[in-house]
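J.:
Protein chains: 2
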Amino acid sequence: MTVQGKGQLDAQYGLLTSIAQEAGVSLSTVSKVVHRRRDVGAKTRTRVEELLVQYGYVRSWDRESAASRQIIAVFRDLSGPYTLEVVRGIVDAAGELDVDVVTGTTSRRSIGQWLEECVALGAAGLIIVISMLAEDDQRRIVEQRLPVVLVDPLSAPSADIPSIGVTNWSGAREAVQHLLGLGHTRIAMVAGRSHSLAGAARLHGYRAALEEAGIGYDPAIVGSTDFDYDEALAAGLRILRGERPPTAVFAASDAQALGVLEAARQLGLRVPDELAVMSFDDTLVAAMASPPLSAVRQPFEELGREATRVLLSVAEGRPPASPRIELATELVLRASTSAPPRG
Amino acid sequence: MTVQGKGQLDAQYGLLTSIAQEAGVSLSTVSKVVHRRRDVGAKTRTRVEELLVQYGYVRSWDRESAASRQIIAVFRDLSGPYTLEVVRGIVDAAGELDVDVVTGTTSRRSIGQWLEECVALGAAGLIIVISMLAEDDQRRIVEQRLPVVLVDPLSAPSADIPSIGVTNWSGAREAVQHLLGLGHTRIAMVAGRSHSLAGAARLHGYRAALEEAGIGYDPAIVGSTDFDYDEALAAGLRILRGERPPTAVFAASDAQALGVLEAARQLGLRVPDELAVMSFDDTLVAAMASPPLSAVRQPFEELGREATRVLLSVAEGRPPASPRIELATELVLRASTSAPPRG
DNA sequence: CTGAAAGCGCTTACAG
DNA sequence: CTGAAAGCGCTTACAG
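Chains A and B are the protein sequences, given in the same order.
For the first sequence, position 279 (counting from the first letter as 1) is numbered 279 according to the UniProt record's numbering, and the numbering increases by one without interruption.
For the second sequence, position 13 (counting from the first letter as 1) is numbered 13 according to the UniProt record's numbering, and the numbering increases by one without interruption.
#1: Of all the CB atoms in chain A, is at least one closer than 8 angstroms to the CB of alanine 251 of chain B?
#2: With burial defined as no fewer than 16 other Cβ atoms inside 10 Å of the residue's Cβ, what is the status of glutamine 24 of chain A: buried or exposed?
#3: Taking Cβ-Cβ distances shorter than 9 angstroms, what residues in chain B pair up with glutamate 96 of chain A?
#4: Can you find at least 3 beta carbon pairs, one from the region 121-131 of chain A and one from the region 69-80 of chain A, that sit closer than 8 angstroms?
#5: Answer yes or no: does any C-beta atom of chain A fall closer than 8 angstroms to that of methionine 132 of chain B?
#6: Kindly indicate which residue of A:Val260, A:Leu150, A:Val74, A:Val190 has the alpha-carbon position closest to the one of glutamine 113 of chain A.
#7: In the DSSP output, which residue or residues are listed as bridge partners for glutamate 262 of chain A?
#8: Please list the terminal residues of the continuous beta strand (DSSP E) segment that includes valine 99 of chain A.
#9: Going along the chain, which residues of its own chain have a beta-carbon closer than 8 angstroms to the beta-carbon of leucine 16 of chain B, five neighbours each way excluded?
#10: Can you pull the chain B residues whose beta carbon is under 9 angstroms from the beta carbon of serine 79 of chain A, in chain order?
#11: So, glutamine 256 of chain A versus valine 190 of chain A, is the Cβ gap smaller than 8 angstroms?
#12: At the 8 angstroms Cβ level, is methionine 288 of chain B part of the contact set with chain A, yes or no?
#13: Counting only beta-carbon separations shorter than 8 angstroms, does arginine 265 of chain B have a partner in chain A?
#14: Helix, strand or coil for valine 149 of chain A? Go by DSSP, reduced to three states.
#15: Looking only at C-alpha atoms, which of A:Asp98, A:Gly304, A:Ala295, A:Arg108 sits nearest to valine 332 of chain A?
#16: Determine the DSSP secondary structure at aspartate 281 of chain B, reduced to helix, strand or coil.
#17: Express the C-alpha separation of valine 102 of chain A and valine 102 of chain B in angstroms, rounding to a whole number.
#18: Check alanine 213 of chain A in the structure and name its three-state DSSP category.
#19: Taking 8 angstroms as the CB-CB cut-off, is glycine 104 of chain A touching chain B?
#20: Let me make sure I understand the geometry here. Which of B:Gly259, B:Phe227, B:Arg342 has the alpha-carbon closest to that of leucine 240 of chain B?
#21: Is the beta carbon of glutamate 274 of chain A sitting closer than 8 angstroms to the one on proline 319 of chain A?
#22: For threonine 105 of chain A, which residues does DSSP report across the bridge?
#23: Give the interface partners of residue 344 of chain A over in chain B, defined as CB-CB distance under 7 angstroms, in chain order.
#24: Cβ closer than 8 angstroms: which chain A residues qualify as neighbours of valine 91 of chain B?
#25: Compute the distance between the beta-carbons of arginine 139 of chain B and threonine 106 of chain B, then report whether it is under 8 angstroms.
#26: Please report the Cβ distance between threonine 167 of chain A and glutamate 326 of chain A, rounded to the nearest whole angstrom; I am assuming they are in contact, meaning their Cβ atoms lie under 8 angstroms.
#27: Looking at the structure shown, is leucine 303 of chain B part of a helix, part of a strand, or coil, going by DSSP?
#28: What's the call for glutamate 330 of chain A, buried or exposed, on a 16-neighbour Cβ count within 10 Å?
#29: Between valine 336 of chain A and aspartate 98 of chain B, what straight-line distance do the alpha-carbon atoms span, to the nearest angstrom?
#30: For the putative contact between isoleucine 164 of chain A and valine 151 of chain A, defined by C-beta atoms under 8 angstroms, what is the C-beta separation to the nearest angstrom?
#31: Where does isoleucine 161 of chain B sit, in a helix, a strand or coil, going by DSSP?
#32: Give the straight-line distance between the Cα atoms of phenylalanine 300 of chain A and tryptophan 169 of chain B, rounded to the nearest whole angstrom.
#33: Using a 10 Å radius around the Cβ and a threshold of 16 neighbouring Cβ atoms, would you call threonine 46 of chain A buried or exposed?
#34: For methionine 189 of chain B, which residues does DSSP report across the bridge?
#35: On a Cα-Cα basis, can you pick out the residue from B:Gly268, B:Gly317, B:Ser253 that is closest to glutamine 298 of chain B?
#36: For serine 224 of chain B and arginine 193 of chain B, I'd like the C-alpha separation in whole angstroms.
Below you can see the structure in the form of C-alpha cells.
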C-alpha cells in the first residue's frame with residue numbers, strides 16, 4: 001500500500017485522516033475500508049466509501065496495477081495503409097490480457113525518451129515499429145534489460161532483441177510462381193528500395209522464382225521505387241512503354257500496385273486481360289481497387305498480436321525460443337490476374 | 001512523495017532502507033538523493049543513484065505525473081480507412097503537450113469500464129470515437145464530471161458533453177454544386193444509411209443543392225447503403241443500368257465511391273468522360289484510385305487534434321465556449337470529375 | 001464492529 | 001556533507 005507524504009504532489013496528503021474526521025470514525029476504520037477488510041459495519045463502510053469517492057481517493061494498488069498493465073507501442077509515424085492493422089493487432093491482443101496500450105510516435109520523443117517513459121510509467125515494455133534502431137538504443141535496451149520487441153525492422157537488429165516480421169522472400173516467390181503458372185513468361189517488377197530489408201527480400205523472391213523457371217532477369221522491366229503510388233506510376237509507365245513490355249507486373253506493395261493500375265489505365269491497357277497485376281500487402285485498398293487486386297497478404301494484425309504476446313512473455317522473464325519470428329504470408333487471388341493474351 | 005508499505009504490491013517495500021545498507025549510508029542520505037537535494041556529496045550521490053536504477057526504484061512523482069499526463073482514446077473498432085488519421089491527430093496533439101495516449105476499443109471493455117480505468121489510471125480524460133453513447137454512460141459522465149469529448153457521434157449527444165464533428169451538410173452541398181457547375185443536371189447519389197446523423201446530413205446537402213438549382217429529387221437514382229464497397233457496387237450497378245442513367249454520381253464515402261468506380265468499369269463506362277464520380281472523405285485511397293477521386297475532404301487528423309485540445313482544456317476546468325464544434329470540409333478536385341458528355 | 005496503540009517506511013529540521 | 005532523531009501518514013494486531 002502506498003502512503004502519501006509531503007511530496008510536491010500532495011493531493012492525497014493526510015487524505016484518509018481528513019476522511020476519518022469527516023465521517024466521525026477513526027483512521028483505523030477508514031484504512032480498513034480502503035483495504036476492503038470485512039470487519040467494518042455496513043453503514044460505516046458505505047459512508048466511508050462515499051467520502052472516498054467524493055474526495056477522489058485512488059487506491060494505490062489500482063494505480064500501480066493499472067500502470068503495470070500497460071505497454072507502449074512506438075511507431076515512426078501513424079500513417080501508411082497498414083499501420084492501423086498493426087495497431088489493431090496490438091490493442092486487441094493486449095485487451096485480451098487486460099493490458100492497456102500507450103500509442104506514440106518518434107516525432108516528438110526519441111526511442112531513448114520512450115524507454116525512460118516506460119520506466120517512469122512502470123509499463124511492462126515497448127513494441128517498436130520503426131525501420132531503424134540506433135546502436136546506442138540497442139545497447140541500452142540490452143544493458144537495462146528492458147522488455148522490447150521490434151516489428152518488421154528495415155535492418156537486422158541485435159540478436160538480443162526479439163523481432164517479428166513476415167516471410168517476404170517466399171511470399172514474393174510464391175506470387176511470381178503463380179503468375180508463371182498462369183502462363184506469363186515476361187513478368188516485370190516494381191520493387192522497393194534495396195536498402196530496405198523487406199524490399200530486398202521481395203526482389204530476391206521474384207528473382208528466385210524466375211531463375212527456377214529458367215527465365216533470365218531483365219533489368220529493363222524492373223523498377224526500384226519507394227513504397228508509394230506516384231513513383232510506381234512513373235515506373236509503371238516507363239516499363240509498359242518499353243520495347244518488350246511485360247504481360248504481368250508484380251508490385252512490392254499495394255500503393256505501388258495502384259500506381260501500376262493507373263499506368264495501365266493511362267495507356268489504355270485492360271487489367272487483367274492485357275496486363276496482369278499482382279500486389280504485395282493486401283491492405284484494405286487491395287480489395288477496393290478497380291479491378292480488385294490479387295495480392296500477397298501480409299498478416300499485419302497477427303504481426304501486432306504476436307508482438308504483444310512475445311513482449312508480455314519477455315516482460316515476465318520468459319524470453320522467446322527464437323529471437324526472430326517470421327509469420328507466413330498468404331496468396332489472395334482476385335480479379336487483377338489471369339492468363340496472358342494469346343500470341 | 002509516496003511511501004511503500006506492506007501492500008500486495010510491495011515490490012518497493014523497504015527498498016530505500018535496503019539501498020542505504022547496500023550503499024553503506026544512512027536512510028536519510030538515500031532519501032535526499034531521491035529528492036534531489038543538494039546537500040549530498042557527489043560520490044555518495046552517484047553511488048546511490050546507481051543503486052536506485054539497479055534496484056528499479058521509481059520516484060513516485062515520476063509515476064504520478066506520468067499518469068496524470070495520460071488521456072484515453074476509445075474507438076468502436078480500429079478499422080476503417082480514416083480511423084488512423086484520427087488517431088494520428090490525437091497522438092500528435094497530445095505529444096505536443098507531452099501527454100501520452102492510451103488507445104482502446106469497446107470490444108473488450110465497455111465505455112463504463114473505460115471510465116473506471118480513467119479514474120484508476122488517474123488519466124486526464126477520455127476521447128470517445130464511437131457512434132452511439134448509452135444513456136447511463138452519458139449520465140455518469142455528467143454526474144461524475146469526467147472530462148470527455150465525443151468525436152463525430154452518429155446521434156446528437158447530451159449538451160453537457162462536448163462533441164466535435166464536421167460540416168457534413170454544407171460539404172455535400174458544395175460537392176453537388178461543383179457537379180452542377182460542370183454542367184451535370186442528372187446527378188445520382190449513393191448515400192449512407194439514414195439512421196446515421198452524418199449520412200442524413202450528406203443526403204440533405206445533396207437535396208439542398210439540387211433544389212437550389214431547380215432540379216427535382218428522383219429516388220430512382222439515389223441508393224442508400226452502408227458506408228462500404230460491396231453494397232455501393234451493387235447500388236451503382238442498379239443506378240447506372242436504370243432507365244435514365246445519371247452523368248454523375250456523388251458517393252457519401254470513399255469506399256462507396258470506389259464501389260461506384262468498379263460498377264462503371266464493369267459496365268464499360270469511362271470515368272470521368274462518360275461518368276463523373278465525386279466522393280466524400282478523401283482518405284488515402286481517394287488519391288490512389290484509378291482515376292484519382294475528386295472528393296470532399298474531411299479533416300480527420302484535425303478532428304483528433306481538436307478533440308485532444310478540447311479534452312485537455314476541459315480537464316483543466318476550462319469548458320469549451322460551445323458544446324458542439326464542427327470543422328469545415330474542403331473540396332479536393334482530381335481526375336474523376338469533368339463536364340458531362342455532349343448530347 | 002470499532003478504535004487505541006504499536007509499528008512501518010520514508011522525510012526533514014537540525015546538530016555536528 | 002552526513003546521520004540521529006523526531007515526525008508524518010498509513011497499516012495492523014489486538015483488546016474490548
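In this text, a Cβ means the ideal position worked out from N, Cα and C, and glycines have one as well.
T.: The answer reads as follows:
#1: Chain A, which has no Cβ nearer than 8 angstroms to the Cβ of alanine 251 of chain B, makes this no.
#2: Residue identity check: residue 24 of chain A is glycine in the sequence provided, not glutamine. Answer is exposed; the Cβ neighbour count stays below 16.
#3: Result: Arg108.
#4: Counting C-beta pairs closer than 8 angstroms gives three or more between the region 121-131 of chain A and the region 69-80 of chain A, which meets the contact rule.
#5: With 8 angstroms as the cut-off, methionine 132 of chain B does not count as an interface residue toward chain A.
#6: Taking the Cα of glutamine 113 of chain A as reference, the smallest distance to any Cα among A:Val260, A:Leu150, A:Val74, A:Val190 is reached at A:Val74.
#7: Looking at the DSSP assignment, glutamate 262 of chain A forms no beta bridge with any residue, so it has no partner.
#8: Secondary structure note for valine 99 of chain A: it is in no beta strand (DSSP E), with a DSSP letter that is neither H nor E.
#9: Once the five neighbours on either side are set aside, the close Cβ partners of leucine 16 of chain B are Leu27, Val30, Ser31, Val34, Tyr57.
#10: Under the 9 angstroms cutoff, chain B gives Leu84, Glu85, Arg88, Leu284.
#11: Between glutamine 256 of chain A and valine 190 of chain A, the C-beta spacing is below 8 angstroms.
#12: Taking Cβ atoms only, chain A reaches closer than 8 angstroms to methionine 288 of chain B, which makes this a yes.
#13: So yes, arginine 265 of chain B belongs to the interface.
#14: DSSP places valine 149 of chain A in strand when its eight states are reduced to three.
#15: Nearest C-alpha to valine 332 of chain A: A:Ala295.
#16: Looking at aspartate 281 of chain B - three-state DSSP - the assignment turns out to be strand.
#17: Answer to the nearest angstrom: the Cα atoms are 4 angstroms apart.
#18: It is coil, neither helix nor strand.
#19: Closer than 8 angstroms to some Cβ of chain B, the Cβ of glycine 104 of chain A qualifies, so yes.
#20: Its Cα nearest to that of leucine 240 of chain B, the residue B:Gly259 stands out among B:Gly259, B:Phe227, B:Arg342.
#21: Not a contact, by the Cβ cut-off of 8 angstroms.
#22: Per DSSP, the beta-bridge partners of threonine 105 of chain A are A:Phe75.
#23: Limits of chain A in this structure are 1 at one end and 343 at the other, which puts residue 344 of chain A out of reach.
#24: Using a Cβ-Cβ cut-off of 8 angstroms, valine 91 of chain B is close to Leu78, Thr103, Gly104, Thr105 of chain A, given in chain order.
#25: No, they are not a contact pair.
#26: Between threonine 167 of chain A and glutamate 326 of chain A, the beta carbon gap of about 5 angstroms places them in contact (Cβ cut-off 8 angstroms).
#27: Correct three-state label for leucine 303 of chain B: helix.
#28: By the C-beta density criterion, glutamate 330 of chain A is exposed, having fewer than 16 other C-beta atoms within 10 angstroms.
#29: The sequence as given places serine at residue 336 of chain A; valine does not occur at that position. Rounded to the nearest angstrom, the two C-alpha atoms are 46 angstroms apart.
#30: The Cβ separation is near 6 angstroms, so the contact holds.
#31: Coil, per DSSP.
#32: The C-alpha of tryptophan 169 of chain B is placed about 36 angstroms away from the C-alpha of phenylalanine 300 of chain A.
#33: The residue in question, threonine 46 of chain A, is exposed, as its Cβ has fewer than 16 Cβ neighbours within 10 Å.
#34: For methionine 189 of chain B, which the question treats as bridged, DSSP gives the partners B:Val222, B:Phe250.
#35: By alpha-carbon distance to glutamine 298 of chain B, the top candidate from B:Gly268, B:Gly317, B:Ser253 is B:Ser253.
#36: So the alpha carbons of these two residues sit roughly 6 angstroms apart.
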